[in-house]
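Encoded as structure tokens, the structure appears first; notes follow it.
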Amino acid sequence: MTMTTNTLNVCLGHVPFPADYARHIDLMVAPKLIASAQRLAIVDDNLFGPNGGALSEYGQLIWILDHLGELTPDCAFIRIFHYRRLVAADAPTVGRRSVNLPYATTIRADELGAFDAAFDRTTQQELFNTPIGFAGKMLGQYALDHVLEDLLNFVNFLVESRILNATEAASFLSVQNHIPSCNIGVFSKDSYNWTFQILKAAAQFLHSRHFIPRSGSQRRSAGFLLERLHSFLIFKRIELGASPARFGHNVVLSDDVNVSATH
1 MTMTTNTLNV CLGHVPFPAD YARHIDLMVA PKLIASAQRL AIVDDNLFGP
51 NGGALSEYGQ LIWILDHLGE LTPDCAFIRI FHYRRLVAAD APTVGRRSVN
101 LPYATTIRAD ELGAFDAAFD RTTQQELFNT PIGFAGKMLG QYALDHVLED
151 LLNFVNFLVE SRILNATEAA SFLSVQNHIP SCNIGVFSKD SYNWTFQILK
201 AAAQFLHSRH FIPRSGSQRR SAGFLLERLH SFLIFKRIEL GASPARFGHN
251 VVLSDDVNVS ATH
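Using full-length UniProt numbering, read the sequence shown as starting at 1 and increasing by one per residue.
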């Protein structure tokens with residue numbers, strides 16, 4: 001970091017970010033070796049136990065929390081983006097609306113040049129991903145796309161562990177607004193620390209009697225649950241006036257407007 005920059009750019013992923021735009025990355029955090037990365041932290045899923053893979057990228061994000069001070073000694077903000085996802089403050093001037101993710105704009109890798117401003121290392125305030133509404137609230141949406149038992153077990157754990165009280169748990173289950181991929185965006189160090197201290201405690205769900213390992217499309221179940229809680233906490237900070245209600249545009253690198261699932 002130089003005297004004129006205040007933001008650390010961190011890319012998460014198990015595959016490389018497009019090489020022509022590697023200049024935007026200060027640190028790559030990955031669960032395995034990424035050969036092309038210039039500065040790489042390998043955070044193996046096994047660091048979090050035999051079911052660590054269920055955390056998805058939240059394992060790497062918790063590692064960042066544990067090293068936040070040494071990673072960002074001269075920074076006030078940290079920008080998180082994925083190997084194929086980013087948040088742009090300004091409406092995209094290129095790209096196409098996704099068919100299966102209508103809140104996202106798809107772009108090809110060769111169109112990333114139009115988004116240099118989305119990697120600016122001089123930041124004035126936080127920026128969160130695009131929010132959406134759940135027609136059936138949290139319970140209905142989770143039952144539709146995931147395993148409802150996991151959500152109920154997770155909330156039981158949160159209450160038992162005093163991470164949420166009963167009133168907060170009820171609010172969490174009935175929430176109507178959600179931020180998909182809420183872990184990408186720009187976060188102040190204070191915001192990141194506050195949010196991820198809670199998420200780190202919540203990740204202990206993985207080692208509790210409530211956790212049920214899943215396979216197939218639900219193998220990252222703990223990550224799905226932590227994302228819901230993460231979004232809930234962002235809205236809570238906004239409600240308390242601790243973070244600004246500033247939302248950007250969800251941009252996905254995909255050659256197809258029908259965005260494939262992460263493998």
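Cβ atoms here follow ideal geometry from the backbone N, Cα and C, with glycine treated the same way. Computed from a predicted model, the values in this text were never measured in an experiment.
Out of 143, 132, 187, the CA that lies nearest to the CA of residue 125 is found in 187. Taking one beta carbon from each stretch, the stretch 92 to 100 and the stretch 134 to 143 have fewer than 3 pairs nearer than 8 Å; the two do not touch. In terms of Cα proximity to residue 120, the closest of 208, 259, 8 is 8. Counting every other CB atom within 10 Å of its CB across the protein chains shown gives residue 213 a total below 16, marking it as exposed. As the crow flies, the alpha-carbon of residue 244 is around 16 Å from that of residue 230. Residue pairing by DSSP places residue 97 opposite 105 in a beta bridge. Excluding sequence positions up to five before and after residue 33, its CB lies within less than 8 Å of the CB of 40, 42, all in the same chain and listed in chain order. Here the stretch 160 to 171 makes no contact with the stretch 45 to 62; the two share fewer than three CB pairs at distances below 8 Å. When only Cα atoms are considered, residue 189 and residue 99 end up about 35 Å apart.
Listed in chain order, the non-local C-beta contacts of residue 196 below 7 Å within the same chain comprise 61, 62, 65, local neighbours out to five positions each way being set aside.
The shortest CA-to-CA distance from residue 173 to any of 204, 194, 183, 134 is the one to 134. Boundaries of the beta strand (DSSP E) around residue 185: 185 to 188.
Taking a C-beta distance under 9 Å as the contact criterion, residue 13 and residue 35 do not qualify as a contact pair. Taking the C-beta atoms as reference points, residue 220 is found no nearer than 9 Å to residue 47. Selection 253, 222, 233, 216 evaluated against residue 207 yields 222 as nearest (Cα-Cα). Just measuring C-alpha positions, the residue of 78, 20, 107, 155 sitting nearest residue 228 is 155.
If you draw a straight line from the Cα of residue 108 to the Cα of residue 209, it comes to about 43 Å. Straight-line measurement puts the Cα of residue 130 at about 14 Å from the Cα of residue 238.
Under the three-state reduction of DSSP output, residue 230 falls in the helix class. For residue 37, the secondary structure class from DSSP, reduced to helix, strand or coil, is coil. A Cβ-Cβ separation of about 15 Å leaves residue 257 out of contact with residue 85 under the 8 Å criterion. In the DSSP assignment, residue 251 is bridged to 86, 105.
Rounded to the nearest whole angstrom, the C-alpha separation of residue 11 and residue 252 is 14 Å.
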